[in-house]
Amino acid sequence: MLLLVLQALLPCFCTLLPGVEPAVSLEDFYPFGPDQGDTQTTAQDDGGSGLREISVAFPFFGDRHSGLYVNNNGLVSFLREVSQFTPVAFPIAGDRRVVAPFWADVDNRLAGSVLYRQSQDASILRRASGDVRTYFAEFPDFNATWVLISTWHQVTFFGGNSQTPVNTFQVVLITDGELSFTIFQYNNITWTTGRHASSGGNLLGLGGIAAQAGFNAGDGRRYFNIPGSRTADVVGLEETTNVGYPGRWVFRIDDANVEVGGCNSGENVNECASNPCQNGGSCKDQINGFICECPPGYMGVHCQTGTFHPFPQAVMTQSRFPIYNLPFMQRLCFHSIGIGCDICMLLPFQS
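Here it is as structure tokens:
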């Protein structure tokens, strides 16, 4: 069996000081919701979108796919719908070719919503292209032609209720028809397991057979797991990363094997060439990254979110990857030549 592991990436994790929120803010999610044109899956235990044809064939594990399923239980599948609620350890066969940001027993009848949309909107494609160029320096000319945005917003677990813990996470699929990439984003992970007898979760949705995050080719051989999958540690996904931003994981997934983003070396390119900053934001090129200086009234990595009360000038620090646009925090990064990536800490800003 071919096991793809992240051992080489572990030194790239950011170190966070106590009290710092280690998660991707909703403002830094790709835009989602009914007002963005999203479709919501039916509130059904173990349901999903059904087969959805896609306008650009999506390369995944060496094959091209013209349709997909957004499954309520935290995964996107290509060869068949996946209604199974207790995650089986990868690798598994039976045509289970999946992208799984958080495969667990979601029950959207009780709380939350599962939303998705295909997009060829120019601003979304521009943002996706910029993200790929940032995290994969070897593709400086990548231009996305199609994006899928799937979001699980404040969903709870089977056996829970409207008051039990909820999770919010997102997966973004990106392709130009030849190369394909995915971004996992975790805003709030508080439960890991449903309460069905086969899963064994407790009243808080913890314990038993916990959620799985990663990829599976469906051939019983090729797969990839994020560390902590199917263990109690998966509840900490919002604190981990392979790209220097806690709660965000980025991968290339078109080839027969999964490749990870983040700690890339190579010739620097102008990351501002794709105009990643929205709403009049000013782009500052960085080494393998960029920083958007947002005008008053806007915030977010791409200045994509309006605010009722404009934030003061955002703190600009020398960092490889953009982070929260917060005036009271700064990120201090050290570049390690030995491992070829940045080790970062979030610190209170001192003027």
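Residue numbers (mature numbering (1 follows the signal peptide of the UniProt record, and there is no 0)): -22 to -1, 1 to 329. Built from N, CA and C at the ideal position, the CB exists for glycine as well.
For residue i, count neighbouring Cβ atoms within 10 angstroms of its own Cβ and tell me buried if that reaches 16, exposed if not.
i           : result
Glu116      : exposed
Leu53       : buried
residue 338 : Not covered by the structure: residue 338. The range shown for the chain is -22 to 329.
Thr112      : buried
Asn165      : buried
Pro12       : exposed
His287      : Any reading at His287 must be qualified, since the residue scores a pLDDT of 38, below 50, and its modelled position is unreliable; the value itself is stated next. Exposed is the call here.
Leu181      : exposed
Ala195      : buried
Pro205      : buried
Arg199      : exposed
Taking C-alpha atoms, which residue in the options lies nearest to residue i?
i      : options                           : result
Val133 : Gly258, Asn180, Pro12 and Thr146  : Thr146
Phe7   : Gln148, Val66 and Gly239          : Gln148
Asp99  : Leu126, Gln141, Tyr47 and Asn180  : Leu126
Leu88  : Arg75, Asn139, Val77 and Ile204   : Asn139
His174 : Ser55, Asp13 and Pro65            : Pro65
His280 : Asp109, Trp227, Arg58 and Ile204  : Asp109
Pro69  : Glu59, Asp197 and Asp263          : Asp197
Tyr276 : Asp263, Gly259 and Gly15          : Gly259
Pro9   : Cys270, Val150 and Val228         : Val150
Trp227 : Gly192, Ala234 and Asp233         : Gly192
Trp81  : Cys270, Asp119, Val212 and Asp233 : Val212
Phe63  : Ser97, Ser128 and Gly137          : Gly137
Ser128 : Val144, Pro118 and Gln96          : Gln96
Nearest-angstrom Cα distance between residue i and residue j?
i      : j      : result
Ser61  : Thr17  : 19 Å
Glu156 : Pro37  : 7 Å
Leu215 : Arg104 : 27 Å
Gln256 : Ala71  : 43 Å
Gly178 : Gly186 : 4 Å
Ser44  : Asp154 : 14 Å
Ile231 : Ser107 : 15 Å
Gly15  : Val221 : 29 Å
Phe135 : Ile152 : 28 Å
Thr160 : Asp83  : 22 Å
Phe120 : Phe229 : 14 Å
Ser158 : Ala122 : 9 Å
Ala67  : Ser101 : 37 Å
Tyr94  : Leu46  : 11 Å
Glu59  : Asp263 : 42 Å
Thr209 : Pro274 : 44 Å
Leu57  : Val144 : 29 Å
Pro118 : Asn203 : 27 Å
Helix, strand or coil for residue i, going by three-state DSSP, please let me know.
i      : result
Pro12  : helix
Ser101 : helix
Leu4   : helix
Ala188 : coil
Asp109 : helix
Leu215 : helix
Ala210 : helix
Ile269 : strand
Glu237 : strand
Tyr223 : coil
Val66  : coil
Asn139 : coil
Pro274 : coil
Ser61  : coil
Arg75  : coil
Gly90  : coil
Val149 : strand
Phe120 : coil
Gln132 : strand
Using beta-carbon positions only, say whether residue i and residue j come within less than 8 Å of one another.
i      : j      : result
Gly183 : Thr142 : yes
Thr283 : Glu5   : yes
Val34  : Trp124 : yes
Thr168 : Ala188 : no
Gln190 : Ser176 : no
Gly239 : Gln163 : no
Tyr201 : Val2   : no
Asp23  : Asp73  : no
Ser55  : Arg42  : no
Val48  : Thr19  : yes
Asn50  : Gly28  : no
Trp130 : Val92  : yes
Phe114 : Ala234 : no
Pro79  : Glu217 : no
Cys272 : Cys261 : no
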